Amino acid sequence: MPEKTFKGIPASDGIAVGPTFCYIPAELTIPVCAAGTVDEEMARFDVAREYARVELQNLYEAIEKRAGKEEASIFEAHQEMLSDPALEGKVRTEVEFGQTVEQALVTAIDDLASLLAGMDDELFAARALDVKDVGHRILRILLGLPDTALSAVTEPSIIIAEDLTPSDTASLDPELTLGFITAQGGLTSHSAILARTLGLPAIVGMGNDLLDKVSSDNTFIVMDGRTGEMIIEPDWETIARYKQMKVQRESHLLILKAAAEKDALTANGRRVEVAANVGEVASTREAMEHGAEGIGLLRTEFLYLEDTQPPSEEKQYHIYREIFEVMSGRPVIVRTLDIGGDKPPSYLPFPNEMNPFLGWRAIRICLDEPELFKTQLRAILRAAVGHHARIMFPMVSDLDELRRARGIVEAVKRDLELDSIEFAADVPVGIMVATPAAAVLVDILAEASDFFSLGTNDLTQYTMAVDRGNAKVSGLFQPLHPAVLRLIRQTIDAGHAKGKWVGMCGELAGMTKAIPILLGFGLDEFSMNPRAIPEAKDLIGKLTDEKAREIASQAMSFGTAAEIENHMKGVLASL
Ligand code: PEP
Ligand code: MG
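79 is the number of the first residue of the sequence shown in the numbering used here; add one for each residue after it.
If you want it as structure tokens, here you go:
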């Protein structure tokens with residue numbers, strides 16, 4: 079059979095060559111039998127939920143060990159869903175109509191999932207998948223079946239699936255999983271994020287007919303998570319070529335990783351900081367292993383989203399302190415809580431917002447809820463003693479906002495002094511440049527900001543007026559758009575004119591197609607996913623400042639993101 083090539087969304091770098099394992103979750107057949115009394119059926123529901131809770135706790139612990147707290151937190155959310163009153167209420171109503179608990183659960187899950195899926199929002203669609211995942215687990219337990227068919231994988235394989243739920247991804251055996259390809263899913267799906275963290279090749283969004291294309295187990299395929307290509311029944315030349323590319327790429331990455339222990343320097347010897355974005359202690363350790371010279375963004379939201387109440391000062395103090403210790407003296411920028419938008423915690427009274435990304439988010443919440451904000455600031459200032467910490471406010475768009483936030487920092491310092499509690503008095507305080515308003519006001523904001531860090535994920539969203547989570551307009555989410563690049567250049571120039579350090583912690587900072595341009599703009603620090611660091615340092619080392627300036631000025635002469643990307647393809651190929 080001649081080889082056939084298909085293309086999906088490249089979700090996690092890496093090449094895999096091997097047989098497929100088609101994962102088709104078992105259809106759970108509900109036996110037709112008479113229902114017991116309401117109490118009997120609901121008692122079976124309670125027991126099954128208790129078993130599910132234990133399974134989820136085991137999964138949580140396994141993933142926490144392998145990939146860290148942040149990745150594992152999805153299984154905490156699943157445990158919470160087990161006691162969701164909406165689920166329980168729906169099941170009870172159906173049981174009261176005379177259904178068995180299995181039948182009632184199927185109806186309840188279908189109703190809840192289609193309600194969420196119909197909300198035309200990627201996040202809600204993802205929640206629908208979670209609801210189905212939890213429902214499937216309870217049902218399987220009620221039917222007395224063992225956990226997931228993925229346990230049937232017995233030899234190293236590339237997993238092919240319609241979609242992978244978080245439970246599926248978590249139960250993939252890293253020794254036996256060469257990579258995975260899914261018909262559904264996007265770059266922000268849980269499985270894609272986990273694949274990147276685990277360094278597993280992944281392609282998502284291959285299309286609904288994926289399982290028709292790869293119709294059986296043990297079909298030999300090649301997958302390239304960097305380009306999104308899947309080749310079915312490759313001929314021996316293709317196999318040899320990809321195997322060689324795999325070995326070359328892996329040994330190249332190993333060499334780069336070893337070289338990444340050194341600080342980043344341009345070809346003309348200018349020092350540029352290459353730092354990591356992390357979410358908790360495990361990813362901070364990974365950052366150190368990949369050569370991070372600091373943490374350019376510590377996302378603190380996970381602490382606020384993992385529980386039904388805000389984290390205490392002591393809990394935060396210990397976690398920040400541990401992260402500072404792992405980084406042993408290197409700088410760490412702690413972003414104060416950036417919740418709201420797509421990340422609303424359950425304990426704050428969120429209004430029903432038409433446009434949550436334009437609503438009650440980040441610094442706006444902190445200024446309205448000063449006690450919540452003060453607790454975090456106390457924890458950071460106390461943990462920073464003897465360390466090189468900085469505080470960064472997200473989503474600032476106005477000088478008054480910044481002055482008020484700084485005023486709260488000063489008030490917290492006074493309180494700590496009055497309480498005779500030790501704290502670091504000299505922690506620099508800066509802002510994230512994530513709104514166009516902040517980008518054009520940098521010269522003015524410099525009055526109250528010790529440094530700036532460009533948050534290009536949100537800056538792109540707000541500049542292009544494109545919801546970063548909406549798959550329908552994802553083609554317009556272009557961080558290399560000339561409008562975004564102009565704001566970036568303007569921010570760096572204005573910051574430098576005021577003698578301020580300007581870094582970047584949006585995804586753009588880790589993209590090889592953007593690094594030469596940003597270097598040419600004179601960016602002081604590039605902060606990225608830890609695994610992207612070695613390649614970024616290598617690229618910086620190949621460029622002189624003069625060459626980077628030339629590349630940047632050529633890039634800025636183009637009118638569209640596509641033209642700029644095309645130009646950068648040529649630049650990277652020539653290096
Ligand atoms: C950003 O907006 O660029 C950013 C780094 O923050 P987040 O992705 O957490 O919104
Ligand atoms: Mg942001």
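All C-beta atoms, glycine included, are put in the ideal place defined by N, C-alpha and C. Nothing here was measured: the structure is a model prediction, and the numbers come from that model.
{"Item": "For the alpha helix (DSSP H) that Gly648 lies in, which residues bound it at each end?", "Value": "639-652"}
{"Item": "Do you know offhand how far Glu364's Cα is from Glu585's?", "Value": "17 Å"}
{"Item": "Nearest to Ile642 by alpha carbon, out of Arg609, Leu621, Thr622, Thr590?", "Value": "Thr590"}
{"Item": "Please state whether DSSP places Asn535 in a helix, a strand or coil.", "Value": "helix"}
{"Item": "Just to confirm my understanding: we take Val474, look at its own chain, exclude 5 residues before and 5 after, and list those with CB closer than 6 Å. What are they?", "Value": "Ile441, Leu480, Ile509, Ala516"}
{"Item": "Using 8 Å as the threshold, is the stretch 280-300 in touch with the stretch 255-265, meaning 3 or more CB pairs across them?", "Value": "yes"}
{"Item": "If you draw a straight line from the alpha carbon of Leu221 to that of Val179, how long is it in whole angstroms?", "Value": "11 Å"}
{"Item": "For Glu307, report the span of its beta strand (DSSP E) as first-last.", "Value": "307-310"}
{"Item": "For the ligand PEP, is there any heavy atom lying closer than 8 Å to the beta carbon of Asn433?", "Value": "no"}
{"Item": "Is the stretch 168-185 in contact with the stretch 120-130, if contact means three or more CB pairs nearer than 8 Å?", "Value": "yes"}
{"Item": "With a threshold of 8 Å, are at least 3 pairs of Cβ atoms found where one atom belongs to the stretch 460-479 and the other to the stretch 404-417?", "Value": "yes"}
{"Item": "Using the Cα positions of Ala457 and Thr414, report the straight-line distance between them to the nearest angstrom.", "Value": "11 Å"}
{"Item": "Would the beta-carbon of Glu585 be found less than 8 Å away from any heavy atom of the ligand PEP?", "Value": "yes"}
{"Item": "Between which two residues does the beta strand (DSSP E) holding Ile93 run?", "Value": "93-101"}
{"Item": "Does the beta-carbon of Pro279, which I'm using as the reference point, lie nearer than 8 Å to any heavy atom of the ligand SAM?", "Value": "Ligands present in the displayed structure are limited to the ligand PEP and the ligand MG, and the ligand SAM is not among them."}
{"Item": "Could you tell me which residues DSSP pairs with Met582 in its beta bridges?", "Value": "Leu532, Phe604"}
{"Item": "What does the alpha-carbon distance come out to for the pair Glu371 and Gly598?", "Value": "21 Å"}
{"Item": "In chain order, what residues of the same chain have a beta carbon less than 6 Å from the beta carbon of Leu494, not counting five sequence neighbours either side?", "Value": "Phe501"}
{"Item": "Please report the straight-line C-alpha distance between Asn430 and Ala195, rounded to a whole angstrom.", "Value": "18 Å"}
{"Item": "How long is the line joining the alpha carbons of Val132 and Asp385, rounded to whole angstroms?", "Value": "18 Å"}
{"Item": "Roughly how many whole angstroms lie between the Cα atoms of Asn296 and Thr98?", "Value": "5 Å"}
{"Item": "Is there at least one non-hydrogen atom of the ligand PEP closer than 8 Å to the beta-carbon of Pro472?", "Value": "yes"}
{"Item": "Count the other CB atoms, across all protein chains shown, that sit within 10 Å of the CB of Arg205; report buried if there are 16 or more and exposed otherwise.", "Value": "buried"}
{"Item": "How would you label Gln454, buried or exposed, when you count the other beta carbons within 10 angstroms and need 16 or more for buried?", "Value": "buried"}
{"Item": "Lys452 to Leu426, Cα distance in whole Å?", "Value": "16 Å"}
{"Item": "Just to confirm, does Asp124 get its C-beta within under 8 Å of one of the non-hydrogen atoms of the ligand MG?", "Value": "no"}
{"Item": "What would DSSP say about Arg413, mapped onto helix, strand or coil?", "Value": "strand"}
{"Item": "Do Leu217 and Leu250 have their C-beta atoms closer together than 9 Å?", "Value": "no"}
{"Item": "I'd like to check one pair, Ile238 with Leu288: are the Cβ atoms closer than 9 Å?", "Value": "yes"}
{"Item": "For Pro312, which residues of its own chain have a beta-carbon under 6 Å away from its beta-carbon, when the five flanking residues on both sides are left out?", "Value": "Glu81, Val300"}
{"Item": "If we count the other Cβ atoms within 10 Å of its Cβ and call it buried at 16 or more, is Val551 buried or exposed?", "Value": "exposed"}
{"Item": "Distance check for Leu334 and Ala140, CA to CA, integer angstroms please.", "Value": "30 Å"}
{"Item": "Going by DSSP in three states, Gly167 sits in which element: helix, strand or coil?", "Value": "helix"}
{"Item": "So, do the stretch 525-539 and the stretch 563-576 have three or more beta carbon pairs nearer to each other than 8 Å?", "Value": "yes"}
{"Item": "With 16 as the cutoff for other CB atoms within 10 Å, does Ile611 come out buried or exposed?", "Value": "buried"}
{"Item": "Taking Leu256 as part of the beta strand (DSSP E), name the residues at either end of that continuous run.", "Value": "255-260"}
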